[in-house]
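In order, the protein sequence lines correspond to chains A and B. If you count by numbering that gives the first Met the number 0, then the first sequence holds residues 0 to 197, one letter each, in order. If you count by numbering that gives the first Met the number 0, then the second sequence holds residues 0 to 197, one letter each, in order.
Number of protein chains: 2
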Amino acid sequence: MFELPQFQEQPRERADAARNRERILAAAGTLVAESGIDSVSMEDVAKAACVGTGTLYRRFGDRAGLAFALLDDQTKDFQDALIAGPPPLGPGIPAAQRLHAFGAGFLDLLETHAPLMVAAAPSVKESAGVLGLYSTHLRILLEEATPHLDPRYTAEALLAMLDPAYHLRMRRLLGYSLDQLVAGWDGLIDAITATPRP
Amino acid sequence: MFELPQFQEQPRERADAARNRERILAAAGTLVAESGIDSVSMEDVAKAACVGTGTLYRRFGDRAGLAFALLDDQTKDFQDALIAGPPPLGPGIPAAQRLHAFGAGFLDLLETHAPLMVAAAPSVKESAGVLGLYSTHLRILLEEATPHLDPRYTAEALLAMLDPAYHLRMRRLLGYSLDQLVAGWDGLIDAITATPRP
DNA sequence: CACGTAAGCGGAATCGATTCCGTTTACGGG
DNA sequence: CCCGTAAACGGAATCGATTCCGCTTACGTG
């Protein structure tokens, strides 16, 4: 009786498990920072964290899940800024301006984290969670800025242009500069937020 | 003397090599048609083609290369139609209409071949060759239809929305129907081809 | 037709991701 | 403090992709 509301239906993480989670994230963070996600194997991480490979998988599901956990750390700031930060990323100004800021900010993240994002993409959490957040964010802005386009679809379309694999193709294979990509985004936002033909 | 112009600087493919190429493509085509690219391993293909795995790799480079070769077969028609077929896919009508037709046609290809396209995406040939073709095609249409947007960038942006991984996300995860995707594409094309604010 | 050689061959070996399973450990209850 | 049990461990086993390498064969030449 007098029980507290049952959040945390899961029996709470065991102390050793929590310690290992930290170790793994720390080790993985260091290794990835040193040589890039693509040259770090799961066994490398396990060894550096003094942990068996099984522990990596129990904790993070798979390689994509680990990449996602790493990414989440380094991206939370951006997400918070979207929701509750100061303009132009956060609320308080016209949606069109926030769309521009979102593009610039996301492209900036991509510049640093695109390879990690590519590695995290197959993760279930990624697809369901973060992408959903960005998609919702864009949809809400678009509802205000482009009454003549389907906001739900258009949000996804814009997200496609911020796909990390696509970004790497643009930057490395096709030789676009970051500035050109920002300019391209801005042009597109202007085009879809312009008043349609009278 | 009196030599013919030296195209085919490569000494021509050996007879047994050509035979094996056919065998492999045939076997792979059957297996993929039966159970989908994702449940077919390189060894499955090698066995079905009565060939060593080494032969697969010498001929196609890697899994993505094999997927690409398979795809190319099943896609050549579409590519030809773009360049020399009858309208609305081929030339002869206003660019805006051809942009709509391109989207509908490509989405139709995706409906059938998206998983194969995902598998082919890492291939060097894919990135350089076919994507380049589509990108060029779109660029040319956009030059005519959207004088106020950078055609080169916009072509790539539109291609991002036809990315096979993105398409699978829209269809399977987010539950969009093919019709909705076509409608979304059409709306976007209309938006960017509309006369900008007077 | 016999020969030389480069191209092609097959399948064993290697490498990394992921799964399995017998053993160890944290920790709530007695 | 002692026990029982579920959670967590670690690393061996498995699986598929890719590489390696010693052997075979097509085919241009004499």
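Backbone N, C-alpha and C define an ideal beta-carbon position, used for all residues, glycine too. Small disclaimer: the values here were computed from a predicted structure and weren't measured.
query, result
"If you follow the alpha helix (DSSP H) that D76 of chain B is part of, which residue opens it and which one closes it?", "75-83"
"What residues from the stretch 163-186 of chain A come within 9 Å of chain B, judged by C-beta to C-beta, listed N to C?", "A164, Y165, R168, M169, L172, L173, Y175, Q179, L180, A182, G183, W184, G186"
"Does any residue of chain A have a CB that is nearer than 7 Å to the CB of Y152 of chain B?", "yes"
"Straight-line CA distance for G84 of chain B to P121 of chain B?", "29 Å"
"Could you work out which residues of chain B lie near S126 of chain A, taking near to mean beta carbons separated by less than 8 Å?", "R168, L172"
"Would you say I191 of chain B lies against chain A (beta-carbon separation less than 7 Å)?", "yes"
"Going by beta carbon distance, what residues of the same chain come within less than 6 Å of A119 of chain B, once the five residues before and after it are set aside?", "A63, A66, F67, L70, E125"
"Which first and last residues belong to the alpha helix (DSSP H) in which S34 of chain B is found?", "14-34"
"Determine the contact status of A164 of chain B and V123 of chain B, defining contact as a CB-CB distance below 7 Å.", "no"
"Between the alpha carbons of L180 of chain A and Y133 of chain B, how many angstroms are there, rounded?", "19 Å"
"Starting from V181 of chain B, trace the alpha helix (DSSP H) both ways and give me its first and last residue.", "177-192"
"Mind pulling the alpha helix (DSSP H) runs of 4 or more residues that sit fully within the stretch 98-148 of chain A?", "123-127, 129-144"
"Using the Cα positions of R198 of chain B and G35 of chain B, report the straight-line distance between them to the nearest angstrom.", "The structure shown does not extend to residue 198 of chain B, since chain B is modelled only from 0 to 197, so the question has no answer here."
"Exposed or buried, D178 of chain B, counting other C-beta atoms within 10 Å across all chains shown (16 or more means buried)?", "exposed"
"Considering only C-alpha positions, which residue in the set A:L167, A:M169, A:D162, A:H166 is nearest to H166 of chain B?", "A:D162"
"Does M41 of chain B have its Cβ less than 7 Å from a Cβ in chain A?", "no"
"Going straight from the alpha carbon of V39 of chain B to that of K46 of chain B, what length do you get?", "11 Å"
"Between the Cα of R57 of chain A and those of A:A80, A:I23, A:G89, spot the shortest distance and give me the residue it belongs to.", "A:I23"
"What does the Cβ neighbour count give for H147 of chain A, buried or exposed, with the cut at 16 atoms within 10 Å?", "exposed"
"Straight-line CA distance for D185 of chain A to Q96 of chain A?", "10 Å"
"Taking the alpha helix (DSSP H) that D72 of chain B belongs to, which residues open and close that run?", "62-72"
"Please report the straight-line C-alpha distance between L158 of chain B and L141 of chain B, rounded to a whole angstrom.", "12 Å"
"Do the stretch 96-105 of chain A and the stretch 10-17 of chain A make contact, defined as three or more Cβ pairs closer than 8 Å?", "no"
"Please classify R57 of chain B: does DSSP put it in a helix, a strand, or coil?", "helix"
"Ordered along the chain, which non-local residues of its own chain (more than five positions away) have a Cβ less than 8 Å from that of D37 of chain B?", "P114, A118"
"Got a sec: which bits of the stretch 127-149 of chain A sit with their beta carbon under 9 Å from any beta carbon on chain B, in order along the chain?", "A127, L130, S134, T145, H147, L148, D149"
"Check whether chain B comes within 7 Å of M116 of chain A, counting only Cβ atoms and requiring the distance to be less than that.", "no"
"State the Cα-Cα distance for the pair I139 of chain A and A182 of chain A, rounded to the nearest angstrom.", "23 Å"
"Looking only at C-alpha atoms, which of A:L172, A:R170, A:D107 sits nearest to F77 of chain A?", "A:D107"
"Quick check: the Cα distance between P86 of chain B and T52 of chain B, rounded to an integer number of angstroms?", "44 Å"
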